[in-house]
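Note sheet for the following structure.
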Amino acid sequence: MNTLKTIAFAAFAIFLFSNATCNKKIKLVRTIDGGTITFTALPQAAGTFDFNQSLKFDMEAELKKFDIAMVDLTQVVPESATITIEDSTATPVTFDIVDYVNLELGNSTVANKRAVFKDPVPHTGLTTITPDVDPTFDVLALVQANDVNYHFTGKLNKALDHQIKLKFAIKWKVTAELAP
61 MNTLKTIAFA
71 AFAIFLFSNA
81 TCNKKIKLVR
91 TIDGGTITFT
101 ALPQAAGTFD
111 FNQSLKFDME
121 AELKKFDIAM
131 VDLTQVVPES
141 ATITIEDSTA
151 TPVTFDIVDY
161 VNLELGNSTV
171 ANKRAVFKDP
181 VPHTGLTTIT
191 PDVDPTFDVL
201 ALVQANDVNY
211 HFTGKLNKAL
221 DHQIKLKFAI
231 KWKVTAELAP
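In our numbering, each residue's number is its place in the sequence shown (first place is 1) plus 60.
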């Protein structure tokens with residue numbers, strides 16, 4: 061009799077759970093190269109500098125490389141950044157003339173917020189630095205809008221006597237939830 065009850069209970073359990081569906085999504089985290097932006101710094105006196113530039117960034121194209129759709133994204137945060145001075149003159153400028161830098165990101169619907177910073181900037185003759193990033197700044201709304209305003213500020217401790225280019229590159233940590 062116990063065997064018959066066990067078989068009946070097992071058959072009922074199999075029937076009950078065979079129609080159940082699993083709605084658990086798979087969490088996927090990837091590092092994606094962000095858009096690179098270049099600022100042109102004209103000759104200027106020592107003191108603060110302030111540059112603004114917008115960038116159209118096609119996140120969908122980057123996500124396709126990983127078979128991720130925009131609707132699957134749950135978070136996009138800065139993972140790392142580099143700033144490079146491009147100067148081909150005989151005596152190239154280094155970060156020795158820069159005391160600190162900040163990069164804020166925003167657009168017409170998202171207020172500017174500091175995403176990248178370095179204070180103090182090391183004065184060791186470098187032409188490329190790796191600033192700190194704010195890993196809590198979720199820029200998902202910015203990448204969904206496909207329009208990001210880069211607001212780059214800082215302070216020069218010495219006059220800049222010729223034009224240089226400052227190239228910003230950011231890597232994003234994207235988190236997505238995919239259906240199994």
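No residue lacks a Cβ here, since even glycine has one placed at the ideal position from N, Cα and C.
Since the structure is predicted, the reported quantities are computational estimates derived from the model, not experimental observations.
Within its chain, find whatever has a CB closer than 6 Å to the CB of N209; leave out the 5 residues flanking it on each side and keep chain order. Numbered from 1 along the sequence shown, position 149 holds the residue referred to as residue 209. Closer than 6 Å at Cβ, skipping near neighbours: S114, G166 and N167.
What do you get for L102, buried or exposed, if any count of 16 or more other CB atoms within 10 angstroms of its CB means buried? Taking the sequence shown and counting its residues from 1, one reaches residue 102 at position 42. With fewer than 16 other Cβ atoms within 10 Å, it is exposed.
Can you tell me which of T98, T154, P138 and G107 puts its alpha carbon nearest to the alpha carbon of V89? Translated into positions along the sequence shown, residue 89 becomes position 29. Taking only the C-alpha atoms, the option nearest V89 is P138.
I'd like to check one pair, K215 with D132: are the Cβ atoms closer than 8 Å? Your numbering for residue 132 matches position 72 in the sequence shown. Your numbering for residue 215 matches position 155 in the sequence shown. Contact flag unset, no.
Inter-residue CB distance, N206 and D147 (contact presumed, cutoff 8 Å): Stepping through the sequence shown from its first residue, residue 206 is reached at position 146. Stepping through the sequence shown from its first residue, residue 147 is reached at position 87. That belief does not hold up - the Cβ atoms of N206 and D147 are roughly 31 Å apart, past 8 Å.
By Cβ distance, which residues of its chain are closer than 6 Å to V176, with the 5 residues on each side in sequence left out? Locating residue 176 in the sequence shown gives position 116, where the first residue counts as 1. The residues are A141, L163, P191 and V193.
Excluding five sequence neighbours on each side, which residues of the same chain lie with their C-beta closer than 7 Å to the C-beta of K233? Taking the sequence shown and counting its residues from 1, one reaches residue 233 at position 173. Answer for K233: V89, T91, V137 and E139, listed in chain order.
Can you name, in chain order, every residue of its own chain whose Cβ lies under 8 Å from the Cβ of E237, other than the five neighbours on each side? Sequence index remark: in the sequence shown, residue 237 carries index 177 (1-based). Within the same chain, Cβ atoms closer than 8 Å to the Cβ of E237 are found at K85, I86, K87, L88, D132 and T134, the five residues on either side in sequence being excluded.
CB of F228 within 8 Å of CB of T100, strictly: Within the sequence shown, the letter at position 168 stands for residue 228. Within the sequence shown, the letter at position 40 stands for residue 100. No.
Specify the secondary structure class of Q204 as computed by DSSP and reduced to three states. On the sequence shown, residue 204 is found 144 positions in, with the first residue counted as 1. Q204: helix per DSSP, three-state reduction.
On the criterion of 16 or more Cβ atoms from any shown chain inside 10 Å, does K125 qualify as buried, or is it exposed? For this step, residue 125 is matched to residue 65 along the sequence shown. Result: exposed.
Same chain, Cβ closer than 6 Å to D198, neighbours up to 5 away in sequence not counted: Start at 1 with the first residue of the sequence shown, and residue 198 comes out as number 138. Hits under 6 Å: Q135 and V137.
With distances taken between CB atoms, is the gap from I145 to L220 smaller than 8 Å? Here the question's residue 145 lines up with position 85 in the sequence shown. Here the question's residue 220 lines up with position 160 in the sequence shown. Result no, Cβ atoms of I145 and L220 do not sit closer than 8 Å.
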